[in-house]
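Chains P and C, in that order, give the protein sequences.
Using my numbering, you'd call the opening residue of the first sequence number 1 and step up by one each time.
Using my numbering, you'd call the opening residue of the second sequence number 1001 and step up by one each time.
Note that CB positions come from ideal geometry on N, CA and C, so glycine has one too.
Since the structure is predicted, the reported quantities are computational estimates derived from the model, not experimental observations.
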Amino acid sequence: MSMDKEMQDSFAMFYGMSQSLKGLVEPVDMEDEERVRKAKQVFLNKANRDTAINLEACVRCGLCAEACQFYIASEDPKYTPIAKLDLMKRVYQRELSPFRWLHRIFTPDITIGDLREFQPKVFDECTMCGRCSMICPMGIDIAEMVHTSREAMVEAGLMPSELDYMCREQDGEGTIFGANEELLNFRLNDLKEKHGVEIFVDKPGSDVMMLTSGLDIHLFTDALLGTIRTLDHLKVNWTLCSHAFEAANFGLLAGSDKTQKHITMRIVDAATEMGVKTVLTPECGHTYPAMRWAAAEISGKPLPFEVMTVSEFFGRQVMEGKLKLKKIPGDKVVTLHDPCKVGRHGGVFDEPRAIIKELGLKLNETESNRELNFCCGGGAGNFLVQSAAPVRKLGFQTKMKEVNKTGAEALLVSCGSCRLNFEAGKLNTGDTIQVDSIAALVGENLPD
Amino acid sequence: MTLLDFARGPAMQWALIIFLAGATFRLTGILLFGRKKPLSPARGNARLEGYKTIVSRFMPNAVFHRRIGTVHIMSLAWHMGFIFVVLFFQPHIVFFEGLLGLSWPGVANSIVMPVAGITLVLLALAFLRRINHPVLKLLSGAGDFATIIVTALPLVTGMLASAHLVLKYETMLALHLLSISLFLVWVPFSKLMHVVLFLPSRKRLGEKLGYKGVKA
Ligand code: SF4
Ligand code: SF4
């Protein structure tokens, strides 16, 4: 399904809104020394054995650059992954490494100038996609350390204003892009009226608590509809929770620990209170690691429910023979984008492929697929950050080169922000490939 | 005490002591950092993937061959050549026998010498790449160049000594032994420590991804 007129209009409006967040919040006022002190404190507090091994083991071979979407498109050494971690490394070497007394002689301390210089490196110039770790002969986890570096920037009051705005909205209202309970209800009623689906909100005794996202409420309503239709079809006992329906976690994306915890615990508490067995995350890539991996750590104990993302949930039903789908006629050739957060950082690979097979579609994989997949270019919240636009374009170029080689008519995605980034990228480059949601396709092809 | 006596005796002994103590200190310092156990249910076998990754990272995934295939093969050849020369040159085996009480069959000089030559050429190419490639220019510091020199010296002096070139054999042999001592001392303080650190670093990435059901 391509974007219909209604969705095109919503896209234009939503895209405009998402690109005008810059400057909506005042920059954080802080003394320079305080910024440096706070950033260092994060590096010191977050260091663990993994950090030590990673920072000590690098042989400076430069191969990580050869896996990074931004370097591949530009061949500009400034995008070298490991070089983005220079500040963290310096703090580690001077303060924590076993030979710190020696390093202090040769390694200069970090300054406010360094922090400002490195801010774009860890935000605009890295989507924490993790592909560089797949090539590194030492197996160094660069994305994880970029995340810590983002946390340091956040504490130093140097987060890009767009992400700051999103974090503040999530901290305050609990929403993104103003998609509050009222708007959710409007959207749900609209879907109910137009498509006759049954809607459940705050239903006691539910097995599955479904999350959605402001992106789907505003724009990708087909993904929301597809999910609801399929849950109904599978006779799943599901509900949305009126005070914990927003899945997005800009705290995780931006590196704000406080916001990440706050948002996570809102969902964990609601799901625990409702006694659900499963929390179903929508087509929102980063929500998956936020809930599937990080939520238990934040709670300090294992979660009393399991976490699945829609493509995983529906894919498993297909694999177990419980969900049959109508075949899409015409031997249509498609390709698949494994969102970094669901794929390389999530392990969900087989399930979406099972859905594609069940739909009778021919899957032409991109050369880099599954755990080696390229990012869409706008991950980790970068699709909202204005200053990241040129870098985003580079990432998109790298990705589309592989996509176009597949000869596919459609690109299937199970992440709203990847989808948004693909649509926006198409506008800028003139690419025309149709971009479809997997949840929407499933919902549209349920047997009668 | 002649230069050779010094190189064979106190220099080598001290180098070995510094090497062992330094490497142990650095490794222990790293491993003493804590790490939390994950609380979410695993999707895959983290431990198994950890061990698999130690081995699998010797070869890059096919998708990367076009971009790094040549460099990788050269790097692999360099490492293999170096290890081969260290382990299979007859006089080295005699040295190891004295040190460890263990010996194994050596390989004829007519094979070891060309391998050492190729290894040295590969090291020279690595040096040229480091001073020319924009990414490596950005990443490299004095330590990286020092490492290349410290690694090249035992190869150069060893080849000259066994070919009886430039200096008297005894003097060249002493220089060879001293360069090995320098190499040993340099290991704990430099990136040469990767000879040990590749184990925990590869294993850890494999575990982290394996836990999520992802092949590293
Ligand atoms: S590929 Fe790995 S070892 Fe090589 S420079 Fe990058 S992070 Fe360091
Ligand atoms: S995580 Fe992705 S975007 Fe960031 S440096 Fe590595 S490859 Fe590049």
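Below 7 Å between beta carbons is the criterion; list the residues of the segment 106 to 137 of chain P that meet it against any residue of chain C, in chain order.
Residues passing the 7 Å Cβ filter: S133, M134, I135, P137.
Would you say P/L96 lies against chain C (beta-carbon separation less than 9 Å)?
Here residue 96 of chain P refers to the residue found at position 96 of the first sequence. Chain C, which has a Cβ nearer than 9 Å to the Cβ of P/L96, makes this yes.
How far does the beta strand (DSSP E) with P/M209 in it reach, from first residue to last?
Within the first sequence, numbered from 1, the residue matching residue 209 of chain P stands at position 209. Counting along the chain, the beta strand (DSSP E) containing P/M209 begins and ends at 208 to 210.
Look up P/L361 in the DSSP assignment and say whether it is helix, strand or coil.
For the purposes of this step, residue 361 of chain P is taken as residue 361 along the first sequence, with counting starting at 1. Coil at P/L361, not helix or strand.
Does any C-beta atom of chain P lie closer than 9 Å to the C-beta of C/M1193?
On the second sequence, position 193 is the one that residue 1193 of chain C refers to. Yes, C/M1193 counts as interfacial toward chain P.
If we define contact as Cβ-Cβ less than 9 Å, is C/K1137 a contact residue for chain P?
As a first step, residue 1137 of chain C is located in the second sequence; it is residue number 137 there, counting from the start. So, interface residue.
Run through chain P and tell me which residues come within less than 8 Å of C/L1197, C-beta to C-beta.
As a working note, residue 1197 of chain C is residue 197 in the second sequence. The answer, in chain order, is I53, E56, A57, M138.
For C/V976 and chain P, any beta-carbon pair shorter than 9 Å?
The structure shown does not extend to residue 976 of chain C, since chain C is modelled only from 1001 to 1216, so the question has no answer here.
Does any residue of chain C bring its CB to less than 9 Å from the CB of P/F99?
The residue you call residue 99 of chain P lines up with position 99 of the first sequence. Chain C, which has a Cβ nearer than 9 Å to the Cβ of P/F99, makes this yes.
Decide yes or no for the touch test of the segment 161 to 176 of chain P against the segment 196 to 207 of chain P: beta carbon pairs closer than 8 Å, at least 3 of them.
no
In its own chain, which residues sit with a C-beta less than 6 Å from the C-beta of P/C68, not counting the 5 before and 5 after it?
Taking the first sequence and counting its residues from 1, one reaches residue 68 of chain P at position 68. Excluding positions up to five away in sequence, the list reads Y79, P81, C132.
I'd like the list of long-range same chain contacts for P/Q386, defined as Cβ closer than 6 Å, with 5 residues on each side in sequence excluded.
In the first sequence, the residue the question calls residue 386 of chain P occupies position 386. K22.
Assess contact between the segment 209 to 228 of chain P and the segment 7 to 15 of chain P, defined as three or more Cβ pairs (one per stretch) separated by less than 8 Å. Is contact present?
yes
Determine the closest residue to P/P160 out of P/I199, P/Q170, P/Q119, with distance taken between C-alpha atoms.
As a first step, residue 160 of chain P is located in the first sequence; it is residue number 160 there, counting from the start. Measuring from the Cα of P/P160, the nearest candidate turns out to be P/Q119.
Examine ligand 1 and report whether any of its heavy atoms sits within less than 8 Å of the Cβ of C/L1197.
On the second sequence, residue 1197 of chain C is found 197 positions in, with the first residue counted as 1. Not so, every heavy atom of ligand 1 lies at least 8 Å from the Cβ.
Taking Cβ to Cβ, would you say P/N54 is nearer than 9 Å to P/I140?
In the first sequence, the residue the question calls residue 54 of chain P occupies position 54. In the first sequence, the residue the question calls residue 140 of chain P occupies position 140. Yes. Within cutoff.
Taking DSSP's pairing of strands, which residues face C/V1166 in a bridge?
If you number the second sequence from 1, residue 1166 of chain C lands on position 166. C/V1166 pairs with nothing; no bridge assigned.
Shorter than 8 Å, the distance from the beta carbon of P/K341 to the closest heavy atom of ligand 2, or not?
Start at 1 with the first residue of the first sequence, and residue 341 of chain P comes out as number 341. No - ligand 2 has no heavy atom lying nearer than 8 Å to the Cβ of P/K341.
Please name the residue in C/W1078, C/L1153, C/I1149 whose C-alpha comes closest to that of C/I1219.
Residue coverage of chain C in this structure runs from 1001 to 1216, which leaves residue 1219 of chain C outside it and unanswerable.
Could you tell me if the beta carbon of P/Q119 falls within a distance shorter than 8 Å of some heavy atom in ligand 2?
The residue given as residue 119 of chain P occupies position 119 in the first sequence. Checking the Cβ of P/Q119 against ligand 2 gives no.
With P/M308 as the anchor, note down where its beta strand (DSSP E) starts and where it stops.
As a position in the first sequence, residue 308 of chain P is number 308, starting the count at 1. Start and end: 306 to 309.
Closer than 8 Å: is that where the CB of P/R131 sits relative to any heavy atom of ligand 1?
On the first sequence, position 131 is the one that residue 131 of chain P refers to. For ligand 1, not one heavy atom lies less than 8 Å from the Cβ of P/R131.
Please confirm if the segment 278 to 285 of chain P is in contact with the segment 1022 to 1029 of chain C, defined as three or more CB-CB distances below 8 Å between the two stretches.
Because the criterion of three Cβ pairs below 8 Å is not met, the segment 278 to 285 of chain P and the segment 1022 to 1029 of chain C do not touch.
Check whether the segment 1037 to 1049 of chain C and the segment 1194 to 1214 of chain C are in contact - that is, three or more C-beta pairs closer than 8 Å.
yes
Starting from the N-terminal side, write out each stretch of the alpha helix (DSSP H) that is 4 residues or longer and does not extend beyond the segment 1007 to 1062 of chain C.
1012 to 1031, 1046 to 1056
Among P/D164, P/L363, P/D32, P/G416, whose alpha-carbon lies nearest the alpha-carbon of P/I328?
Mapped onto the first sequence, residue 328 of chain P falls at position 328. Checked all of P/D164, P/L363, P/D32, P/G416; the closest Cα to P/I328 is P/L363.
Look at P/L183 and P/T227 and say whether their C-beta atoms are less than 9 Å apart.
Reading the first sequence from its first residue, position 183 is the one you call residue 183 of chain P. Reading the first sequence from its first residue, position 227 is the one you call residue 227 of chain P. Not closer than 9 Å, so no.
From C/M1159 to C/A1116, what does the alpha carbon distance come to, in whole angstroms?
The residue labelled residue 1159 of chain C in the question sits at position 159 within the second sequence. The residue labelled residue 1116 of chain C in the question sits at position 116 within the second sequence. Whole-angstrom Cα-Cα distance: 7 Å.
Could you tell me which of P/I438, P/T432, P/L420, P/T278 sits nearest to P/Y15, measuring between CA atoms?
Within the first sequence, numbered from 1, the residue matching residue 15 of chain P stands at position 15. Answer by Cα proximity: P/L420.
Indicate whether the contact test is met: 3 or more Cβ pairs, each with one atom in the segment 387 to 396 of chain P and one in the segment 410 to 417 of chain P, closer than 8 Å.
no
For C/G1158, would you say it is in contact with chain P, using Cβ-to-Cβ distances shorter than 9 Å as the test?
Translated into positions along the second sequence, residue 1158 of chain C becomes position 158. Judged by the 9 Å Cβ criterion, C/G1158 is not in contact with chain P.
Measure the alpha-carbon distance for P/S18 versus P/K426 and round it to whole angstroms.
Start at 1 with the first residue of the first sequence, and residue 18 of chain P comes out as number 18. Start at 1 with the first residue of the first sequence, and residue 426 of chain P comes out as number 426. In a straight line, the C-alpha of P/S18 is about 16 Å away from that of P/K426.
Expressed to the nearest angstrom, what Euclidean distance is found between the alpha-carbon atoms of P/N382 and P/K258?
Reading the first sequence from its first residue, position 382 is the one you call residue 382 of chain P. Reading the first sequence from its first residue, position 258 is the one you call residue 258 of chain P. P/N382 and P/K258: Cα-Cα distance of roughly 20 Å.
Pull the bridge partners of P/S414 from the DSSP assignment, please.
One-based indexing of the first sequence puts residue 414 of chain P at position 414. In the DSSP output, where bridge partners are listed per residue, P/S414 has none listed.
Consult DSSP for P/S437 and reduce its assignment to one of helix, strand or coil.
For the purposes of this step, residue 437 of chain P is taken as residue 437 along the first sequence, with counting starting at 1. Correct three-state label for P/S437: strand.
Report buried or exposed for P/N478, applying the criterion of at least 16 other Cβ atoms within 10 angstroms of its Cβ.
No information on residue 478 of chain P is available, as it lies outside the stretch 1 to 448 that chain P covers here.
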